[in-house]
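Residue numbers (our numbering): 21 to 573. A quick write-up on the structure given underneath.
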Ligand code: ATP
Ligand code: MG
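In C-alpha cells form, the structure reads like this:
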C-alpha cells in the first residue's frame with residue numbers, strides 16, 4: 021500500500037461542493053452537520069461520516085454542527101449523548117453549534133400545522149397494521165385511507181388534541197398527503213407524527229406526540245442553514261420526501277441531500293443495534309471493550325485519532341457499497357505507531373536465564389533509545405543484571421531451519437545489551453525447561469563480538485527490576501468476514517477473541533506508562549495501558565501486531 025499522500029485525493033462530494041462554491045449555489049457557504057441518533061456509542065462507520073462532514077466544512081472554511089437526532093426517546097439516553105460528544109472531540113473535531121432535533125419540536129409542530137392548512141397532511145385513524153396493508157407493494161399501488169379526505173378544520177382539531185394528550189398511543193397518526201400510487205413507497209402518505217407517551221431525556225413530558233425521522237431531518241437541516249446534507253445510501257429513496265417537505269414549506273433554505281456508501285468493515289459489525297446486543301448479552305465487556313469497532317473501543321485498544329482519520333481518508337467516499345478489509349485499518353494504525361510509539365521491552369511468557377559469568381550483585385543501567393529513528397524521543401534506563409527473562413519461544417532445543425533466536429551452544433544478542441551463549445538447559449522432573457544457564461561476552465555491549473556475528477536479537481527484561489503485568493491480546497470479534505450476512509451474527513462471535521496473559525514482565529520504565537502514550541513492545545506488537553490498569557496491577561492492551569501475520573523478526 022502507498023504512503024499517505026500529502027495532497028488529499030478528491031471524491032465526488034468534494035467536487036460537488038467545489039462546483040457549488042464556484043456557482044455560488046448556497047451563497048458561497050458550506051454548512052454541514054453530523055446527525056447521530058443518541059441510541060448507542062459511535063462506531064468506525066460514524067467516523068467516516070464525521071470525517072466527511074467536519075472535513076468538508078474545514079476544507080472550505082465552513083461550519084459543521086453536531087446535531088442529536090433525538091426523536092425516539094425510548095431508545096435514547098444522556099449517557100449516549102455524552103459518549104458521542106466525547107468521541108467527536110477525541111477525533112479532533114470542533115462543532116460550530118451543538119443542536120438537538122428536540123430543540124425544534126415546537127417549530128416542527130407549527131410546520132405540521134402549515135401542511136394541514138395547505139391540505140398536505142391529515143390525521144389518520146388506521147392502525148399501524150392497517151397502514152401497512154394499505155401501503156401496497158413494489159408492484160401494487162397503495163390504497164387511500166378512508167380518512168384521507170378529512171376536512172382541514174377537523175384535521176387541525178384532531179392534531180391539536182393529539183398534542184393535548186386526548187388520545188391513546190397509536191390511536192391516530194398524522195400523515196403527509198402525497199401519492200398512494202407513487203412507485204416510491206416512501207411517498208405513499210408517510211406518517212410524520214405519532215402519539216407516544218414516553219419521557220424524553222430533554223423535553224421531559226412536554227410532548228406525547230413525536231415527529232418521525234424523515235420529516236424531522238429535512239426541517240432540522242433547513243433551520244440550521246445546512247447547505248450539504250450528507251447521508252448514507254439507504255436514504256437515497258427518501259430524498260424525494262426530503263425535497264417534498266421542504267418544497268411545500270416556507271423553510272429558511274433548501275439543503276441538498278447527497279448520499280454516499282456506508283462503511284462496511286470485515287470481521288466486525290457496524291450497527292448500533294447489533295453492537296448493543298453484544299453489550300447487553302455480555303459477549304463483550306461493554307461499549308468500550310477493545311474488540312468493539314466503537315470509537316470508545318478503538319481508543320481503549322490504543323488506536324489514535326490520526327490513524328482513524330487516515331483510514332477514513334484512504335477508503336474514500338463513493339456511491340458503491342463495498343467491504344473494507346480489516347487490514348486497511350490495521351495498516352493505518354501501524355503506520356502511525358511505527359513513527360510515534362515509544363519502544364520498550366516486555367516478556368509475555370517468561371523463561372529465566374542465569375548469566376553464570378556475570379557478577380552476582382552487579383547492575384548496569386543501560387541507556388537505550390526510545391525510538392530507533394527519533395532521537396528527540398530520548399533515552400531510558402534499562403537495568404541489566406545476572407538473572408534475566410526472555411520469551412519462552414525465543415529458545416528452542418530443536419530449532420527449525422533458519423531459527424535466529426537462542427539455541428543451545430549458540431549466541432544471540434540481547435537487544436540493547438550483550439551477546440550471550442546458552443551453555444546448559446535446566447529441566448524439572450517432568451522434563452519441562454525451567455531455566456537456561458548462559459554466559460555473556462563482556463566486550464559486546466553495542467558492538468559485534470570479535471571475529472563472529474550473533475545470529476539474531478531477542479528482547480529481555482531483568483528479573484528483579486521488571487514489573488509484573490497483565491497483557492490482553494485481542495483478536496477479531498467474529499470468525500467470518502461478513503458476520504452480518506449470517507443467519508445470526510451471534511453464532512459467529514469468535515470465542516478466542518480475548519487472551520489474557522497474567523504472568524508477563526515488563527521493563528522497569530513501563531511502571532510510569534501513561535494512558536496517553538503508545539508503546540511498541542520490541543518484536544511483540546503495539547500496546548497501550550488499559551483503563552483498568554493500576555500501579556500495583558499494570559494492564560496493557562495489544563493494539564495491533566507488528567505485521568500482518570503477527571510474526572516476529
Ligand atoms: P446504526 O445502524 O449503527 O444505528 P445509523 O445510520 O442509524 O447507524 P445514526 O446515528 O443515524 O446511525 O448515524 C449518524 C450518521 O452517521 C448518519 O448520517 C449515518 O448515515 C452515518 N453513518 C452511520 N453508519 C455509517 C457507516 N457504517 N458508514 C458511514 N456513515 C455511517
Ligand atoms: Mg439509526
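Here a beta-carbon is modelled for each residue, glycine too, at the ideal position from N, C-alpha and C.
Judged by DSSP in its simplified three-state form, residue 445 adopts strand.
Across the structure, residue 522 and residue 105 are spaced so that their CA atoms are roughly 35 Å apart. About 4 Å separates the CB atoms of residue 519 and residue 493; that is less than 8 Å, so the two are in contact.
In this chain, the alpha helix (DSSP H) harbouring residue 130 covers 125 to 137. Under the Cβ criterion (8 Å, minimum of three pairs), the stretch 121 to 133 does not count as touching the stretch 161 to 168. For residue 218, the distance from the CB to the nearest heavy atom of the ligand ATP is not below 7 Å.
For residue 422, DSSP records no beta bridge to any residue.
Separation of residue 429 and residue 464 (C-alpha to C-alpha, rounded to the nearest whole angstrom) is 17 Å. C-alpha of residue 241 to C-alpha of residue 260: approximately 15 Å in a straight line. At the C-beta level, residue 529 and residue 363 stay beyond 8 Å of one another. Residue pairing by DSSP leaves residue 307 without any beta bridge partner.
Remark: C-beta atoms of residue 274 and residue 50 do not approach each other more closely than 8 Å. Of the residues 155, 236, 157 and 184, the one whose Cα lies closest to the Cα of residue 57 is 236. Taking C-beta atoms as the reference points, residue 351 and residue 497 fail to come closer than 8 Å.
Note that the stretch 409 to 416 touches the stretch 366 to 380; at least 3 beta-carbon pairs, one per stretch, sit closer than 8 Å.
Annotated as proximal: residue 189 and residue 217, with beta-carbon spacing under 8 Å. By the criterion of at least three beta-carbon pairs nearer than 8 Å, the stretch 291 to 301 is not in contact with the stretch 70 to 82. DSSP places residue 219 outside both helix and strand once states are collapsed to three, so it counts as coil. Secondary structure at residue 61: coil, using DSSP grouped into helix, strand and coil. Exposed is the label assigned to residue 446, since fewer than 16 other Cβ atoms lie within 10 Å of its Cβ. Remark: the shortest separation between the CB of residue 317 and any heavy atom of the ligand ATP does not fall under 7 Å.
Taking all protein chains shown into account, residue 196 has 16 or more neighbouring C-beta atoms within 10 Å of its C-beta and is therefore buried.
Here residue 46 is buried. Its C-beta has 16 or more other C-beta atoms within 10 Å. Relative to the non-hydrogen atoms of the ligand ATP, the Cβ of residue 293 comes within a distance shorter than 7 Å of at least one.
Under the 8 Å Cβ criterion, the stretch 83 to 99 does not count as touching the stretch 317 to 333, having fewer than three qualifying pairs. Straight through space, the alpha carbons of residue 480 and residue 556 are spaced by roughly 21 Å.
Bounds of the alpha helix (DSSP H) holding residue 353 are 346 to 360.
Here the distance from the Cβ of residue 240 to the nearest heavy atom of the ligand ATP is not below 7 Å. Following the DSSP letters along the chain, one finds residue 548 inside the beta strand (DSSP E) bounded by residues 545 to 549. Around the beta carbon of residue 547, a 10 Å sphere encloses 16 or more other beta carbons of the protein chains shown; the residue is thus reported as buried.
Contact annotation: the stretch 380 to 391 does not touch the stretch 501 to 509, with fewer than three C-beta pairs closer than 8 Å. The three-state secondary structure of residue 31, taken from DSSP, is coil.
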